[in-house]
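In what follows, a structure is listed as structure tokens, so that the remarks can point back to it.
Protein chains: 4
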Amino acid sequence: MKIRMGMIGGGQGAFIGAVHRMAAALDGQIELVAGAFSSDAARSKATGRELFLAEDRCYGSYEEMFEAEAQLPADHRIEFAAIVTPNFLHFPVAKSALEHGFHVLSDKPATLDLAEAKELAKIVARTGLLYGLTHNYTGYPLVKEARDIVRSGRLGAIRKVIVEYPQGWLAQRLEDSGQKQADWRTDPKRAGITCCFGDIGTHAENLAEYVTGLKIEALCADLTTFVPGRVLDDDANVLLRFHGGAKGILHASQISIGEENGLNLRVHGEKGSLAWRQEEPNTLVLRWPDRPREVVRAGNASLGAAAKANTRLPMGHPEGFLEAFANLYRHFAAAVRARKEGKPLPAASLDLPGIDDAVRGMAFIEAVVASSRSGEKWYPFSY
Amino acid sequence: MKIRMGMIGGGQGAFIGAVHRMAAALDGQIELVAGAFSSDAARSKATGRELFLAEDRCYGSYEEMFEAEAQLPADHRIEFAAIVTPNFLHFPVAKSALEHGFHVLSDKPATLDLAEAKELAKIVARTGLLYGLTHNYTGYPLVKEARDIVRSGRLGAIRKVIVEYPQGWLAQRLEDSGQKQADWRTDPKRAGITCCFGDIGTHAENLAEYVTGLKIEALCADLTTFVPGRVLDDDANVLLRFHGGAKGILHASQISIGEENGLNLRVHGEKGSLAWRQEEPNTLVLRWPDRPREVVRAGNASLGAAAKANTRLPMGHPEGFLEAFANLYRHFAAAVRARKEGKPLPAASLDLPGIDDAVRGMAFIEAVVASSRSGEKWYPFSY
Amino acid sequence: MKIRMGMIGGGQGAFIGAVHRMAAALDGQIELVAGAFSSDAARSKATGRELFLAEDRCYGSYEEMFEAEAQLPADHRIEFAAIVTPNFLHFPVAKSALEHGFHVLSDKPATLDLAEAKELAKIVARTGLLYGLTHNYTGYPLVKEARDIVRSGRLGAIRKVIVEYPQGWLAQRLEDSGQKQADWRTDPKRAGITCCFGDIGTHAENLAEYVTGLKIEALCADLTTFVPGRVLDDDANVLLRFHGGAKGILHASQISIGEENGLNLRVHGEKGSLAWRQEEPNTLVLRWPDRPREVVRAGNASLGAAAKANTRLPMGHPEGFLEAFANLYRHFAAAVRARKEGKPLPAASLDLPGIDDAVRGMAFIEAVVASSRSGEKWYPFSY
Amino acid sequence: MKIRMGMIGGGQGAFIGAVHRMAAALDGQIELVAGAFSSDAARSKATGRELFLAEDRCYGSYEEMFEAEAQLPADHRIEFAAIVTPNFLHFPVAKSALEHGFHVLSDKPATLDLAEAKELAKIVARTGLLYGLTHNYTGYPLVKEARDIVRSGRLGAIRKVIVEYPQGWLAQRLEDSGQKQADWRTDPKRAGITCCFGDIGTHAENLAEYVTGLKIEALCADLTTFVPGRVLDDDANVLLRFHGGAKGILHASQISIGEENGLNLRVHGEKGSLAWRQEEPNTLVLRWPDRPREVVRAGNASLGAAAKANTRLPMGHPEGFLEAFANLYRHFAAAVRARKEGKPLPAASLDLPGIDDAVRGMAFIEAVVASSRSGEKWYPFSY
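Residue numbers (the numbering used here), protein chains in the order written: chain B, 1 to 383; chain S, 384 to 766; chain D, 767 to 1149; chain A, 1150 to 1532.
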């Protein structure tokens, strides 16, 4: 049987909910069977109907859903909760899911602040349930390959890391138009202490550390709110220092007009360099001091095991954002199945961003905001 | 309820069957409920088990499947058959499906030869059922946009069309290794009178005519078998003449080492030009005599209705091969639903390649082979 | 002392004359000391004045120039003639230069027709003087590298060659505006029997043969005049067959709007492939069946001797059209110097396109035009 | 007559001297007539001989050269001095040249430190002679176009500026091999207080301010020496704040393996964005919130006057590093000629980087080094 999923959030007009549903559906391992898609019960049911769900499993609140599902027979009830709400609900929903016995796969950032994240870590530990965080960009096969190349030592010790995440969609006051995505992300009550950095800067930080295996130990941040009337940051420039001596630059932006979803990473080591861009995710460029640049392509026979395990199609058949996202769902479902069957987690599932990334990510967000407000040059980050 | 699909072909080791299943699953509109995945009943059942199908709906042959499914209650039996077998089975399976009352969505080329295609057209007409052909590259949003731009007259009358489909995977005798894809494609009994041209040249022809709206009226072909010991062509160079005076070049290849899946199209009109490449499908380049080149990107606010209706994600979140393929499944499912509900077909479904493309495609394949064997320069193509 | 050059053609408003002058000046090996820049003596002198030439060495005709220069002391008179006139003058000017004892470096195509080219070859042979033809695209370092890679056998036997030369500047009747370049190129009296093919198709043919070392043995051409009122072709599509079994496609165009100067070459062998584009001339892409694509860059330490000998700057300092053109001038000047000093020609000078390319190029132009008019599929080319 | 140039530095084995000579020669406006190419008189003469100079104008020192040339007749002596020595000689040579009455065109950075630069400014003012600084990247036509687009207001007020200058050639201790370029650049006595930043960071700063017209008012720098045993920096990361509120990032590196000469600039305004890369200098990308990206190409009919005045060839005929460098020489020569003829400087010459850029550049270099040593976050830059 497929793994049974319940979704919280993702009602009509939402963006990320639909993404999660497609990602969950793609590989035929997961079935969406229940949902609390909206805090308005009628809208939740309307969404459920469009998704061909049974009427009685479309709930008006997450509390109601977890309560009701927990009463269903074990082979019928949801097995995990997919959380796709605005940030401020991530923690209470995850807490409730876990306490009702459901595994959790949550959108990022994990919580509204670090305190919540630490609390969540305790609950995860206590319940022993699975917790996954959709740092979806780590799901790309060539990101896996990049990580494996660094790990293998082929680049030598890493010296410099440049990670960028420019977007342009908030260059104007889109939130005034009622656009749902812009509305909650720019609202401190629902988004937390940062807009740009919490939304995308955190992906950049996660990607840089995931690929290089290095830990940031100090940072110097300059957050800006460019659009008049906005409260939270819409741009971030950060200098980085990594444990062991590597230096770095991280910048993220929502006001860089014409930039779409430009996450990209360059890693320079003593022996070689790599570069990867999310918008052309099937290409990884390797550069060496003394021979031609190499262009690694998804599907290449020469790729490592992790990249291959996250690829579905032959070379030249481009996989994209949804496929990378689906890799997280697939591996999470495999973990749920393994747990159910009392087996050890499969290798590919060990790789999933989890509760440690959740806490570290929130700590980093708070450090960036604190650094930006500080006159001290280097803000220590020791979490 | 989701639309119910039965699949023929696509057992373990197959490539295109998995593609069709992912494409069908992505948008949550279709449920795979039955299959004859292999002519070996045990293997068919094994595949079905991996796909979480009910054991009794995994059949050992398509005849058995259509027979049995036709006996099931109307709201339970399959509604359409997805055909993903090697070429030589396309016709008999489609015929049987239609005659048992099931709509058909078939991989290309539609049949083994033109005679079968004409026969199939009669059956489609007689049964009045839906027939779709997965010329999946027409499912890309920017291919729709390209077509709409040509149609709008913005490029002026078209003068020159260059369509290429280079691949390199058959540069060696891969068929000797037992690789399944290579094995049947190079075998005249299962593939028909052509390997390279029937497999990919036909996509190129379809794409060029789809985007430009022009009809080829004469051609001059040079097919080659480069790999020793191979019977069918593995390379094709063709000059084209279109009705109305446009000229063109079509070349396809399976021996162009390093080429992955390089389908691409350039269209030059009296007022402007466009270019699109499958390997970077989210970019469409427009060029004008007197102002900067324009780079249209999937998700751009300025896109036309058809492109938008075939896009799921915002700019910079790359969609790829599976999403384009899924567009065909989504629109086909919508057509099946409309038919069931007695409604007119939705606009997006009218666009699907169907039985006319099937017949024209087979006629073109035969014309190319005939031209290649002929000493006459221009071979008329008047179908 | 620098080598002394006289120029014929290249008066005000000309394009290619200025190119030749910059190419000649770049490396400091050549001095322009005389010119017959225009058939109008006053205009010729005006041009000469702008170029800081002595008034008495600006001539009103090439006959006058060669006559007068031949009277000057040996260490003062011009040593070679650079011919940059419209096509119809190439032959008479070259003939006169050679017969007055001057080496010749001529723009292409070498003559107005094949008969003239054959006659020219006899004069070159008789006089024993140097004759160079500015197939300037062979001057790029990565074109040399491409040739050396093919020669080395790294790609294996060549199977398929695709050479394209699209431009868009003649998509409208530019010749009606009095634009000088368009005016003579579209005029059979001054350009010969072809416009597009003679102007740029001939570069494409030369490049393909230069890099692959293969000889075309048959062709099938389709020339078109798209712009109403024009007499000569403005577009050319050609299928090629090479001696030894390789196949090819050559297409050139002056009506492909938005194309700038898009000469490019793809060569596919049994073991690997290469691709080069004139508009990004410092990049050469190599592709292999089983490992990542390699991107060779001008200035790479791994380049061969010929590429290095034609590069002036380190990696990342782009050299372009003029530098490639200047390579021809530099090597021609070195040849003139060697001849003067009674030394053997330097290796780099042996590589220059010369009288054999001149004759073969004219023969090919005539074969293409004949093929286009013929109903026979394959036109033999045996020159 | 051509403008007469004397060169200081640029003997055998030097890189930048040859660049300056080619740049000076390209447009036929300047003649190299004298040189002190080396402090070793014999080597200086040997270099001069290769350049076809008169033996008696190849000097063993700059003092000797200026002394001797000043004695020559006015229409024979050099008119300007091109300084291409290592940094530590820039000031004394420029001072001497000016005091002997010669205009100066100097490589950058202008001097060894700010104090010298201020002193130089006084000498320039006192002598009233021309002083140019070869910030050669401003010579690219599309850099001019970028500046004009910003100036025109099409991008709106500028918010964010990202300028990068990565190289990889010093990733190892190349200076140990005796490589001349590496040797002096890593030596504080000859290079000054910085290696990477003074060599290339200063180009990045100059480019950003040139294009945007904005002035940096504070900065936060992190310089690093990655290669063991090296004294000066080989990497620099800098946060920028511009007068008026724009933010920025500047990073430069000589240890980023595989990077060639990767100077590039992104400018984001309230209404649009632009991006330019030195390695593909003939392309300028403009991006807008609501319509397709525009790709401006050198030679486009739609370019502004400044871009056109700095372009020699039609679209698609790539110009590169030398042509951009030559633009500075051409405009400097025009300025020398205008001065000689008592005419106002031509418009294109007003644009040349001069003594103000020289002083500002040195002040910026010192501020970056000071900031890097400071624990204060923001280092004011008010020059």
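Positions of the beta carbon are idealized from the N, C-alpha and C atoms, including for glycine.
Asked: Report the rounded CA-to-CA distance for residue 534/S versus residue 1396/A, giving the unit in angstroms.; Found: 45 Å
Asked: Go to residue 1166/A, then tell me how far its alpha helix (DSSP H) extends in each direction, as first and last residue.; Found: 1165-1175
Asked: Please name the residue in 1529/A, 1273/A, 1302/A whose C-alpha comes closest to that of residue 1508/A.; Found: 1273/A
Asked: Look at residue 854/D and residue 956/D and say whether their C-beta atoms are less than 8 Å apart.; Found: yes
Asked: Quick one: which chain D residues come within Cβ less than 9 Å of residue 527/S?; Found: By Cβ distance, chain D contributes nothing, its closest Cβ being about 21 Å from residue 527/S, past 9 Å.
Asked: Would you report the Cα separation of residue 113/B and residue 217/B, rounded to the nearest angstrom?; Found: 20 Å
Asked: Whole angstroms are fine: how far does the CA of residue 90/B sit from the CA of residue 110/B?; Found: 6 Å
Asked: Per the DSSP calculation, residue 195/B is bridged to which residue(s)?; Found: DSSP lists no partner for residue 195/B.
Asked: Residues of chain D with CB under 8 Å from residue 1465/A, in chain order?; Found: 933, 1025, 1026, 1027, 1028, 1044, 1045
Asked: Classify residue 822/D as buried or exposed, calling it buried when 16 or more other Cβ atoms lie within 10 Å of its own Cβ.; Found: exposed
Asked: Spell out the partners DSSP gives residue 8/B in its beta bridges.; Found: 36/B, 83/B
Asked: Who are the near neighbours of residue 1514/A in its chain, counting only those whose CB is closer than 7 Å to its CB and skipping five residues on each side?; Found: 1258, 1343, 1346, 1347, 1351
Asked: Could you check which residue in 1292/A, 1230/A, 1154/A, 1157/A has the C-alpha nearest to that of residue 1473/A?; Found: 1292/A
Asked: Since residue 489/S contacts residue 517/S with CB under 8 Å, what's their CB separation in whole angstroms?; Found: 7 Å
Asked: On a CA-only basis, which of 266/B, 379/B, 53/B is nearest residue 161/B? Give me that one, please.; Found: 266/B
Asked: Contact between the segment 1321-1341 of chain A and the segment 1365-1380 of chain A is defined here as three or more beta-carbon pairs at a separation below 8 Å; is this criterion met?; Found: yes
Asked: Output the boundary residues of the beta strand (DSSP E) element that contains residue 1424/A.; Found: 1422-1426
Asked: Hey, which unbroken runs of the alpha helix (DSSP H) at 4 residues or more fall wholly within the segment 158-207 of chain B?; Found: 180-185, 188-191
Asked: Measuring alpha carbon to alpha carbon, tell me which of 232/B, 322/B, 72/B ends up nearest residue 222/B.; Found: 232/B
Asked: Anyone know if the C-beta pair for residue 931/D and residue 1029/D falls short of 8 Å?; Found: yes
Asked: With a threshold of 6 Å on Cβ separation, who are the neighbours of residue 1464/A within its own chain once the five nearest residues in sequence on each side are excluded?; Found: 1446, 1448
Asked: Looking at chain A, which residues of the segment 218-247 of chain B have a Cβ within less than 7 Å of any of its Cβ atoms?; Found: 220, 222, 224, 226, 235, 237, 239, 247
Asked: So the beta strand (DSSP E) residue 235/B belongs to, where does it begin and stop?; Found: 235-242
Asked: Quick one: list the residues of chain F neighbouring residue 684/S, beta-carbon separation under 9 Å, in chain order.; Found: Here the protein chains are B, S, D and A, and chain F is not one of them.
Asked: Evaluate contact between the segment 1197-1204 of chain A and the segment 1109-1124 of chain D, counting only Cβ atoms and requiring at least three cross-stretch pairs below 8 Å.; Found: no
Asked: Tell me which residue opens and which closes the alpha helix (DSSP H) that residue 1472/A is part of.; Found: 1470-1489
Asked: Based on DSSP bridge pairs, tell me the residues matched to residue 990/D.; Found: 1001/D
Asked: Residues in the segment 399-420 of chain S with C-beta within 8 Å of chain B's C-beta atoms, listed in sequence order?; Found: 401, 402, 404, 405, 408, 409, 410, 411, 415
Asked: Taking only the alpha-carbon atoms, compute the straight-line gap between residue 1303/A and residue 178/B and give it to the nearest angstrom.; Found: 28 Å
Asked: Here's a check: name, in chain order, each residue in its chain whose Cβ is nearer than 6 Å to the Cβ of residue 656/S, leaving out the five neighbours to either side.; Found: 670
Asked: Is the shortest distance between the beta-carbon of residue 1347/A and the beta-carbons of chain B less than 8 Å?; Found: no
Asked: When the distance is taken between beta carbons, is residue 644/S closer than 8 Å to residue 662/S?; Found: yes
Asked: Our contact map puts residue 851/D next to residue 796/D with C-beta atoms below 8 Å; I'd like the distance itself, whole angstroms only.; Found: With 8 Å as the limit, residue 851/D and residue 796/D do not qualify as a contact, their Cβ atoms being about 19 Å apart.
Asked: Name the DSSP beta bridge partners of residue 488/S, please?; Found: 465/S, 515/S
Asked: Grab the span of the alpha helix (DSSP H) containing residue 450/S for me, first residue to last.; Found: 445-454
Asked: List the residues of chain B that residue 1402/A touches, going by C-beta distances under 8 Å, in chain order.; Found: 160, 268
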